[in-house]
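In my numbering, the protein residues as written are 791 to 894. Report on the following structure.
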Amino acid sequence: CEANIIDYATYELKAQSFHPSFLGQLSFYVSAVNHQFKTDIDNPTIGLLICKDKDNVVAKYALESYKEPMGISEYQLSKLFPKDFKSSMPTIEELEKGLKDNRE
Numbered sequence: 791c792e793a794n795i796i797d798y799a800t801y802e803l804k805a806q807s808f809h810p811s812f813l814g815q816l817s818f819y820v821s822a823v824n825h826q827f828k829t830d831i832d833n834p835t836i837g838l839l840i841c842k843d844k845d846n847v848v849a850k851y852a853l854e855s856y857k858e859p860m861g862i863s864e865y866q867l868s869k870l871f872p873k874d875f876k877s878s879m880p881t882i883e884e885l886e887k888g889l890k891d892n893r894e
């Protein structure tokens, strides 16, 4: 007997520091995937929140009350691109300023 078990994951990328309220939105996405796609034999849907940075203690406390498998990770723009791209790419400061200007 061969089982057709599927794994679902939902990801959200935030261009700002982690805030506990982000988990409510991610939990909503996980629930939506569970209701729309997941079957009883599938593994639990995973939620991953990727933020500019996070305070580990705040992240730990924020995750404790959620039953869904969720995680929080950080990204570093300086590690996303090879060194030879840096000459044609805006600096981190320019990107952050552009993101800040767009939010205002």
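Note that CB positions come from ideal geometry on N, CA and C, so glycine has one too. Please read all numbers here as calculations on a predicted model, not as lab measurements.
Does DSSP put Ser821 in a helix, in a strand, or in coil?
In the sequence shown, the residue the question calls residue 821 occupies position 31. Assignment of Ser821 by DSSP, reduced to helix, strand and coil, places it in the helix class.
Uninterrupted beta strand (DSSP E) stretches inside the region 838-873 (no shorter than 3 residues):
Within the region 838-873, the beta strand (DSSP E) runs of at least 3 residues that lie entirely inside it are, in chain order, 860-864.
Quick check: what's the CA-CA separation for Leu816 versus Glu858?
Your numbering for residue 816 matches position 26 in the sequence shown. Your numbering for residue 858 matches position 68 in the sequence shown. Spanning the two alpha carbons is a distance of roughly 10 Å.
Could you give the DSSP three-state label for Ile836: helix, strand or coil?
Sequence index remark: in the sequence shown, residue 836 carries index 46 (1-based). Three-state result, Ile836: strand.
Since Leu839 and Lys804 should fall inside the 8 Å C-beta cutoff, what is the C-beta to C-beta distance between them, to a whole number of angstroms?
Stepping through the sequence shown from its first residue, residue 839 is reached at position 49. Stepping through the sequence shown from its first residue, residue 804 is reached at position 14. Contact between Leu839 and Lys804 holds: their C-beta atoms lie close to 7 Å from each other, under 8 Å.
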